[in-house]
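Report on one structure; see the data block that follows.
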Amino acid sequence: MIITDVKTHLLQLDFKIKIGSMPRFQASGLYTNLITDEGINGWALSHWNLSNRAQQQFIEEALKKLVLKKDPFMVEEIYHEIYQNSNRIMFGIPHATSAIQIACWDIIGKATKQPIYKLLGGRKKKVKCYASMPRGYKPKAAVGAVESALKPELGGFKAVKLRIGNGIKKDRELIKEVRDAFPDIDIMVDANSAYHSINEALKVAEVCYKYGVEWLEEPIPTDNLAGLAKIREKSP
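In the working numbering, the protein residues as written are 462 to 697.
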């Protein structure tokens, strides 16, 4: 089996959304399709809304020629081929590189008639799930959404993740309102890199500690490794 073609499909929604401190943007996703000579196609969805067109161009103009005629089962070989040819530009766009690998695994799963989790080493018998709340809820609305998520007919979740990053005062109000309404559930929060000050992030961490939050996710940009380490070290 060899890869005979690579196609991409860019999809865009008609409305704009906002995440954390980023400006509003049009939600979109890039589908990558690897086509083989045996009629088995592999699909992958990669999305980072501000770079989807760049991903598409990188796949079509750079990665496509690297993977044509390759055996999709040779995932590591394909990865190293991409690495050797693009590491001087830091893999170009990691999302695009990942899309090729994911699509290869999709082909492997279809060809072997096995779910990917088995091919990658199996699964746990139990995984604790949580309901992830969308961004934009005010405290009262968040309480209503959490209440719905706890209902057996709507999932019966016992843990929820709230979206924060709207300023310390508003974040505190949101977390407090949900915790006061549901003292026995697990609460996690995700700031989506909304805070750029370590001191601000530490203040949010103190709020999380006060109200028994399980974890504070992505308080500052994820490439600020030193800052994240400091927040972890200094957090209560």
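Think of the CB as a built atom: it goes at the ideal place given N, C-alpha and C, for glycine as much as any other residue.
Item                                                                                                                : Value
Reduced DSSP category for residue 657 - H, G, I as helix; E, B as strand; rest coil                                 : coil
Residue from 502, 697 and 661 with nearest C-alpha to residue 681                                                   : 661
As assigned by DSSP and simplified to three states, the class of residue 474                                        : strand
Nearest-angstrom Cα separation, counted from residue 593 out to residue 649                                         : 9 Å
N- and C-terminal bounds of the beta strand (DSSP E) containing residue 648                                         : 647–651
The segment 628–644 / the segment 612–619 touching (three or more Cβ pairs under 8 Å)                               : no
As assigned by DSSP and simplified to three states, the class of residue 492                                        : strand
Length of the line joining the Cα atoms of residue 533 and residue 522                                              : 19 Å
The segment 565–575 touching the segment 497–509, judged by at least three CB pairs closer than 8 Å                 : yes
Residue 622 classed as buried or exposed, judged by whether at least 16 other C-beta atoms fall within 10 angstroms : buried
Run of the beta strand (DSSP E) containing residue 622, from where it starts to where it stops                      : 620–624
Cβ-Cβ distance between residue 596 and residue 653 below 9 Å                                                        : yes
Beta-carbon proximity check, residue 493 vs residue 465, cutoff 9 Å                                                 : no
N-terminal and C-terminal residue of the alpha helix (DSSP H) that residue 570 is part of                           : 555–573
Top-ranked residue by Cα proximity to residue 620, from 657, 558 and 647                                            : 647
Boundaries (first-last residue) of the beta strand (DSSP E) holding residue 607                                     : Here residue 607 belongs to no beta strand (DSSP E); instead the alpha helix (DSSP H) covers 600–611.
Proximity winner among 599, 697 and 528, relative to residue 539 (alpha-carbon distances)                           : 528
Collapsed DSSP secondary structure at residue 678 in the structure displayed                                        : strand
Buried versus exposed, by CB contacts within 10 Å (16 or more), residue 673                                         : exposed
Proximity below 9 Å, CB of residue 495 to CB of residue 543                                                         : no
Any beta strand (DSSP E) of 3 or more consecutive residues that is wholly inside the segment 522–552                : none
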